[in-house]
Amino acid sequence: MAGRITINGTSHEVNLAALPADISLNTFIREYAGLTGTKFMCQEGGCGVCVCTLTGIHPETGEPRTWAVNSCLTLLNTCLGLEVTTSEGLGNKRVGYHAIQQRLAKMNGTQCGYCSPGIVMNMYGLLKSKGGKAGTLAGNLSIKHAHPEFPSDVFIVLEALDAQVIVQEAVDKQQTVSLTSYLGSSMEGKIIRGLVLRAYPKERFAFDSYKIMPRAQNAHAYVNAAFLVEFTADSKVKSARICFGGIHPEFVHATAIENLIQGKNPFENGLVEKAFGQLSTLLQPDAVLPDASPVYRRKLACGLFYKFLLKVAAQRKQGLGSRFVTGGSLLKRPVSSGQQSFETFQEHYPVTKATEKHEGLIQCSGEATYSNDLPTQHNQLWAAFVTAKKVGAKVTKVDTQPALDLPGVVAYLDAKDIPGPNYVGPKIRDDFFFPNDEELFATGVIKFYGQPVGIILANSNSLANRAAELVKLTYEGGAEEILPTLKAVLDKVGSEAGNNKRLEQPIKSTIEVLQLEEPFDVSSSGQLDMGLQYHYYMEPQTTVVLPFEGGLQVYTATQWMDLTQDTIANVLNLKSNDVQVKTRRIGGGYGGKATRCNLAAAAAALAAHKLNRPIRFVQSLESIMTSLGKRWAFHCDYDFFVQKSGKISGIVSRFYEDAGYLSNESPIGHTVLLSKNCYEFSDNYKLDGYLVCTDSPSNTPCRAPGSVEGIAMMENIIEHIAFETGLDPADVRFANLLPAHKMGDMMPRFLESTKYRERKADAIAHNKENRWHKRGLGLCIMEYQIGYFGQYPATVAIYHSDGTVVVSHGGIEMGQGMNTKISQVVAHTLGIPMEQVRIEASDTINGANSMVTGGAVGSETLCFAVRKACETLNERLKPVREEVKPENWQDLIQEAYNRKINLIASDQCKQGDMDPYSVCGLCLTEVELDVLTGNYIVGRVDILEDTGESLNPNVDIGQIEGAFMMGLGYWTSEQVIADPKTGECLTNRTWTYKPPGAKDIPTDLRIELLPKSPNKAGFMRSKATGEPAICLSIAVAFALQQALQSARDDAGVPKSWVTLTAPMTPEHLVLHSGTEPSQFKLN
1 MAGRITINGT SHEVNLAALP ADISLNTFIR EYAGLTGTKF MCQEGGCGVC VCTLTGIHPE
61 TGEPRTWAVN SCLTLLNTCL GLEVTTSEGL GNKRVGYHAI QQRLAKMNGT QCGYCSPGIV
121 MNMYGLLKSK GGKAGTLAGN LSIKHAHPEF PSDVFIVLEA LDAQVIVQEA VDKQQTVSLT
181 SYLGSSMEGK IIRGLVLRAY PKERFAFDSY KIMPRAQNAH AYVNAAFLVE FTADSKVKSA
241 RICFGGIHPE FVHATAIENL IQGKNPFENG LVEKAFGQLS TLLQPDAVLP DASPVYRRKL
301 ACGLFYKFLL KVAAQRKQGL GSRFVTGGSL LKRPVSSGQQ SFETFQEHYP VTKATEKHEG
361 LIQCSGEATY SNDLPTQHNQ LWAAFVTAKK VGAKVTKVDT QPALDLPGVV AYLDAKDIPG
421 PNYVGPKIRD DFFFPNDEEL FATGVIKFYG QPVGIILANS NSLANRAAEL VKLTYEGGAE
481 EILPTLKAVL DKVGSEAGNN KRLEQPIKST IEVLQLEEPF DVSSSGQLDM GLQYHYYMEP
541 QTTVVLPFEG GLQVYTATQW MDLTQDTIAN VLNLKSNDVQ VKTRRIGGGY GGKATRCNLA
601 AAAAALAAHK LNRPIRFVQS LESIMTSLGK RWAFHCDYDF FVQKSGKISG IVSRFYEDAG
661 YLSNESPIGH TVLLSKNCYE FSDNYKLDGY LVCTDSPSNT PCRAPGSVEG IAMMENIIEH
721 IAFETGLDPA DVRFANLLPA HKMGDMMPRF LESTKYRERK ADAIAHNKEN RWHKRGLGLC
781 IMEYQIGYFG QYPATVAIYH SDGTVVVSHG GIEMGQGMNT KISQVVAHTL GIPMEQVRIE
841 ASDTINGANS MVTGGAVGSE TLCFAVRKAC ETLNERLKPV REEVKPENWQ DLIQEAYNRK
901 INLIASDQCK QGDMDPYSVC GLCLTEVELD VLTGNYIVGR VDILEDTGES LNPNVDIGQI
961 EGAFMMGLGY WTSEQVIADP KTGECLTNRT WTYKPPGAKD IPTDLRIELL PKSPNKAGFM
1021 RSKATGEPAI CLSIAVAFAL QQALQSARDD AGVPKSWVTL TAPMTPEHLV LHSGTEPSQF
1081 KLN
């Protein structure tokens, strides 16, 4: 079968017989049409980077119709005859940019830029859309038909409405059946033709539906529900349809409750109590990880029916108590708004000017390229890991034949094929960063579920991944018990190191027993639990390797080119100069591409070296989340002793951090450094820290590693002290500040500008008047420590023909705006417009020996190096300026060229060139919690951060907002769940792992950069912004905790502190609210 498809106005012939049957539109766009603006990541429609639009003729109206699609899920054979528009076709540098692209770039809506084309095309599809998508309802019901466990919202709503399905069997044969009959019948050779819906007059009927999710959008329900009740004239129930999803696959109707309330007044408290008593018994949710617990889902289902009764009671004026009214409604989210406040200094322009992102427009058009956007290479192969799935066992046999039998599968490689050491790390061992050897391919005992044992090479990405799953491993032995989480280890072996091989104590307090120098009035103890967090970079781990002249050219998504180069050279037993690494930009990193990228990079390099063919390795999301480490999980036990004033007399704290199976890249030092925050301690602080090894991948730094945990540990103790003493948390903080600390001035100013006291009183008043909707305000302060390490080289070159400038450096642009700030510094130092500056890709020639881009200091250090190089050029140009006095920059450069003056300069920033400093910040967060569901809205968020004299306020505010949102996800929705029996990560895809979306952003986000606060230690008086603000996001958890405490008071729970947990999911909130169905009253 052949046909044609038009992409951006160009017609392409499609010979389906010569293509894989399941080839996606995304693959054709990228690999056959050569248009790389359309990305891919999750391959399941959950991330949005693959969105493009289709235009065709509507089958019923005959009019042109445009709609957005996930190209990764759209089969190519369904697109024949249609017109495809990608981000490049919508607008580009050559023909001009579309208004959507311009607006997104102008409003600083891009960071790493990997998802920006998808965002643009989704907006464009919405702009061109003339209505809903045809076939959506039928498609949803078809999935439910094939998979009864699928939590279809459509099915529940239609079943409650007693809808009928029209099934077409032939041109002249159709039948109308109930939904339950449809689910039980064969649909082979049949289609859904339509639906039959009755009309339900509002005077007699009440209807509502509910979907409770871990985030506001793009998530399947914990529980969904729909209720339809018909009333008689005297408000008795004539009929009822009470439907729930998410209980178990066979459960739909609460038939017993439908029968119970028939003929009765459902608004009498006695009947309500009886109904919920029976409903609690009737609902028996199944236990299937990673789904929420049966206990939560039962309570949630009961809460939804109660919410419906409250709403209907209010509508029908059934004497509903005023405190219960809000419980009948879901939280209503207003449109997002924000405020930004900063100062600039015109004498330093373009430095300090709030300019647009250097590559913002090309990111929005898809013209900005990433490692996998390198054109398809002749004779290339794709790689995929073959992984072991039995922890504690040895692999005794690898049967690759089932995989190699697939046409297009070329080879399998493992540890036996490695010419050098089977070790992922530098040639010269580094006991600080890498005290333990990490194998590229497992050869002994399997340490964790998903550990790579080899790679499969095939002609396509999908084929390589499919073939990798067909490789059969034979195991010998296995662990009697698997401990894949920090909690599992601590529960099993205890919290003392002793002779336990799983615990190591690198931080041991010099204080054996805490001696309190000051008396105390109140003492208590508590815990803090913080889970793993996936980095969630939008660009997968990606490496393309090209063999050349006996060496390798490596295009890879790395934050640390030097280490990647060193690792590959070591594994292949090559000289370092035989391996050249090049990285133009990466699609997000957050620490996840500092070292974890090197497994895929080294594996791809091995294949290219052995087979002498180009190798492309784009690790699947499931593979990344299963086989690579995440943020170190954290647990803390503490005791505190305080005076009535809130002044701390002493603290004892023991904390534990989850290393995974290796204790490399430990953040524990940062945890200790940040744990005192802004507070005054001397010998009254006893701190002990432990590294814990678990049966899981080796964990790795994640945005503000150790710092998030250290600040959270102390801020949580401060909140706990306020709870036990009855003091305001702000007053406890102020009572313990270091004398003459900057925070002493910032905090009163912040509390006044945010109207903290007034809003706290308003929240308390609201909570007294509302039983089921609670508000809370959470406050956090921080002092974040910035230090410099390693060296960062840069080269600046001026072209004589037109005076334009190109810069290459050893840093990695990953969305933090490094290249924008560098362009500003070059323009300022040389005295030229920013438009004359171009930043080239980073590589291991101009960026040789460069340290990792991380710790929030990459932009500063590279700006420093670039300025030094520019100053060198200015010195060389100085005699020409003085002698010739040229009219313009181009004349100056041409004369310098004629005089044979070197117009290329290199320099570096090294440790010691700039002094360390601290970043202070405050955050106040307001939330509203629906106690019945656990859902909440993050309302107003105020952040004040000391950024010195910001090099670019637009970039820095974007970094603060992004860091805060990453932390908001950590504290609310991003839950990592492992199978306790196998150790498998069960939340390894967009279906199960939920970072915040667009409607989880605070509804009112206000960022202020502290004015009149130059940083004498920083580059051009500025400060770093990439990491600190994530530490402030714990304020969201404190706000939820405040709301939760009010709910517990109303529930009559004995007053006690609720242990803070990351994440505080809706499940956590409901289960700790003290809510029971027996409390469900109407007045």
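Going by the UniProt record's numbering, the sequence shown opens with residue 1, and the numbers climb by one from there.
For each residue, glycine too, the CB sits at the ideal point set by N, CA and C.
*Give the straight-line distance between the Cα atoms of Ser823 and Ile1030, rounded to the nearest whole angstrom.*
Residue mapping note: residue 823 aligns to position 823 of the sequence shown, counting from 1. Residue mapping note: residue 1030 aligns to position 1030 of the sequence shown, counting from 1. C-alpha separation (whole angstroms): 27 Å.
_Measuring straight from C-alpha to C-alpha, what distance separates Leu279 and His1068?_
Here residue 279 refers to the residue found at position 279 when the sequence shown is read from its first residue. Here residue 1068 refers to the residue found at position 1068 when the sequence shown is read from its first residue. Looking at the two C-alpha atoms, the distance is approximately 22 Å.
*Quick one: measure Cβ to Cβ for Leu271 and Ile261, integer angstroms, because I've assumed they're closer than 8 Å.*
In the sequence shown, the residue the question calls residue 271 occupies position 271. In the sequence shown, the residue the question calls residue 261 occupies position 261. Indeed, because the Cβ distance is near 7 Å, the residues count as touching under 8 Å.
*Distance, Cα to Cα, Ala134 vs Glu476?*
Taking the sequence shown and counting its residues from 1, the one referred to as residue 134 is at position 134. Taking the sequence shown and counting its residues from 1, the one referred to as residue 476 is at position 476. For Ala134, the predicted structure reports a pLDDT of 44, less than 50, and the residue's modelled location is therefore unreliable. The matter cannot be settled from this model.
*asked:* Considering only the alpha carbon of each residue, which of Asp1050, Ile711, Leu1032, Glu875 lies closest to His766?
replied: Residue mapping note: residue 766 aligns to position 766 of the sequence shown, counting from 1. Checked all of Asp1050, Ile711, Leu1032, Glu875; the closest Cα to His766 is Asp1050.
*Put Leu986 into one of helix, strand or coil per three-state DSSP.*
Position 986 of the sequence shown, counted from the first residue, corresponds to residue 986. Reduced to three states, the DSSP call for Leu986 is coil.
*Report the residue ranges of all alpha helix (DSSP H) runs contained in full by the stretch 761 to 837; include only those spanning at least 4 residues, in chain order.*
818 to 830
*Among residues of its own chain, excluding the 5 on either side of Gly858, which ones have a beta-carbon nearer than 6 Å to its beta-carbon?*
Sequence index remark: in the sequence shown, residue 858 carries index 858 (1-based). Excluding sequence neighbours, Gly858 sits near Gly811, Met818.
*Residue range of the unbroken alpha helix (DSSP H) whose run includes Tyr296*: Walking along the sequence shown from the start, residue 296 turns up at place 296. Per DSSP, Tyr296 belongs to the alpha helix (DSSP H) from 294 to 315.
*Roughly how many angstroms lie between the CA atoms of Arg771 and Ser524, to the nearest whole one?*
Position 771 of the sequence shown holds residue 771. Position 524 of the sequence shown holds residue 524. When rounded, the distance between both Cα atoms is 29 Å.
*Please work out which residues of its chain come closer than 6 Å, Cβ to Cβ, to Phe750, disregarding the five sequence neighbours upstream and downstream, and give them in chain order.*
Taking the first residue of the sequence shown as 1, we reach residue 750 at position 750. Excluding residues within five positions, the ones whose Cβ falls inside 6 Å are Leu922, Leu944.
*Can you have a look at His1072 and say buried or exposed, based on whether 16 or more other CB atoms are within 10 angstroms of its CB?*
In the sequence shown, residue 1072 corresponds to position 1072, counting from 1. By the 10 Å Cβ count, His1072 comes out buried.
*asked:* Looking at the strands, I want to know which residues DSSP matches up with His12.
replied: Translated into positions along the sequence shown, residue 12 becomes position 12. According to DSSP, which records beta bridges pairwise, His12 is partnered with Ile5.
_Taking the alpha-carbon of Asn224 as reference, which of Val732, Pro214, Lys676 has the nearest alpha-carbon?_
On the sequence shown, position 224 is the one that residue 224 refers to. Nearest C-alpha to Asn224: Pro214.
*Which residue from Ala594, Arg585, Ala604 puts its Cα closest to that of Val579?*
For the purposes of this step, residue 579 is identified with residue 579 of the sequence shown, where counting begins at 1. Residue Ala604 is the option with its Cα nearest to Val579.
*With distances taken between CB atoms, is the gap from Gly450 to Lys390 smaller than 8 Å?*
For the purposes of this step, residue 450 is identified with residue 450 of the sequence shown, where counting begins at 1. For the purposes of this step, residue 390 is identified with residue 390 of the sequence shown, where counting begins at 1. No, they are not a contact pair.
*Is Ser663 close to chain C, meaning its C-beta is less than 8 Å from at least one C-beta of that chain?*
In the displayed structure, chain C is absent; only one protein chain is listed.
*So what does DSSP say about Trp560, is it helix, strand or coil?*
Your numbering for residue 560 matches position 560 in the sequence shown. Here Trp560 sits in coil by DSSP.
*What separation, rounded to the nearest whole angstrom, lies between the Cα atoms of Asn573 and Leu413?*
In the sequence shown, residue 573 corresponds to position 573, counting from 1. In the sequence shown, residue 413 corresponds to position 413, counting from 1. C-alpha separation (whole angstroms): 17 Å.
*Between Thr1065 and Leu903, what straight-line distance do the alpha-carbon atoms span, to the nearest angstrom?*
Counting from 1 along the sequence shown, the entry for residue 1065 is found at position 1065. Counting from 1 along the sequence shown, the entry for residue 903 is found at position 903. Each residue's Cα considered, the two are about 57 Å apart.
*When the Cα atoms are used, what is the spatial distance from Tyr970 to Val1036?*
Stepping through the sequence shown from its first residue, residue 970 is reached at position 970. Stepping through the sequence shown from its first residue, residue 1036 is reached at position 1036. Tyr970 and Val1036: Cα-Cα distance of roughly 10 Å.
*Please list, in chain order, all residues of the same chain as Gly967 whose beta carbon is under 6 Å from its beta carbon, the five residues on each side excluded.*
Reading the sequence shown from its first residue, position 967 is the one you call residue 967. Excluding positions up to five away in sequence, the list reads Ile1030, Ser1033.
*To which residues of the same chain is Ala314 closer than 8 Å at the C-beta, ignoring the five residues directly before and after it?*
For this step, residue 314 is matched to residue 314 along the sequence shown. Excluding residues within five positions, the ones whose Cβ falls inside 8 Å are Leu320, Val325, Gly328.
*Can you have a look at Gly815 and say buried or exposed, based on whether 16 or more other CB atoms are within 10 angstroms of its CB?*
As a first step, residue 815 must be located in the sequence shown, where it is residue number 815. Buried, since its Cβ has 16 or more Cβ neighbours within 10 Å.
_Is it buried or exposed, Phe432, if we count other Cβ atoms within 10 angstroms and call 16 or more buried?_
As a first step, residue 432 is located in the sequence shown; it is residue number 432 there, counting from the start. Exposed: under 16 other Cβ atoms inside 10 Å.
_Along the chain, where does the beta strand (DSSP E) containing Trp67 start, and where does it finish?_
Looking up residue 67 in the sequence shown gives position 67. It spans 64 to 70 - the beta strand (DSSP E) in which Trp67 sits, taken as one unbroken run.
*Just how far apart, CA to CA, sit Val796 and Ala600?*
Within the sequence shown, the letter at position 796 stands for residue 796. Within the sequence shown, the letter at position 600 stands for residue 600. C-alpha separation (whole angstroms): 32 Å.
*For the ligand ATP, is there a heavy atom less than 7 Å away from the beta-carbon of Ser698?*
Among the components of this structure there are no ligands whatsoever, and the ligand ATP is therefore not found.
_Assigned secondary structure, Ala134 (DSSP; H/G/I helix, E/B strand, else coil)_ = Your numbering for residue 134 matches position 134 in the sequence shown. Confidence is the limiting factor: at Ala134 the pLDDT is only 44, short of 50, which leaves the residue's position unreliable, though a coordinate-based value still follows. Ala134: coil per DSSP, three-state reduction.
*Check Cys863 in the structure and name its three-state DSSP category.*
As a first step, residue 863 is located in the sequence shown; it is residue number 863 there, counting from the start. Note: Cys863 maps to helix in three-state DSSP.
*Kindly list the residues whose CB is nearer than 7 Å to the CB of Ser11, restricted to its own chain and excluding five residues on each side of it in sequence; keep chain order.*
Locating residue 11 in the sequence shown gives position 11, where the first residue counts as 1. If we look at Ser11 and ignore the five residues flanking it on each side, its Cβ neighbours are Arg4.
*Asp658 bridges to which residues according to DSSP?*
Within the sequence shown, the letter at position 658 stands for residue 658. Looking at the DSSP assignment, Asp658 forms a beta bridge with Val692.
*In the DSSP assignment, find the alpha helix (DSSP H) that holds Thr597 and state where it starts and stops.*
Working through the sequence shown from its first residue, we reach residue 597 at position 597. First, the amino acid is wrong: residue 597 is Cys here, not Thr. Unbroken alpha helix (DSSP H) run through Cys597: 597 to 611.
*Identify the residues that DSSP records as bridge partners of Arg1048: which are they?*
Position 1048 of the sequence shown, counting from 1, holds the residue named residue 1048. Answer by DSSP bridge pairing: none, since Arg1048 is not bridged.
*How is the beta strand (DSSP E) around Tyr917 delimited, first residue to last?*
Translated into positions along the sequence shown, residue 917 becomes position 917. Per DSSP, Tyr917 belongs to the beta strand (DSSP E) from 917 to 930.
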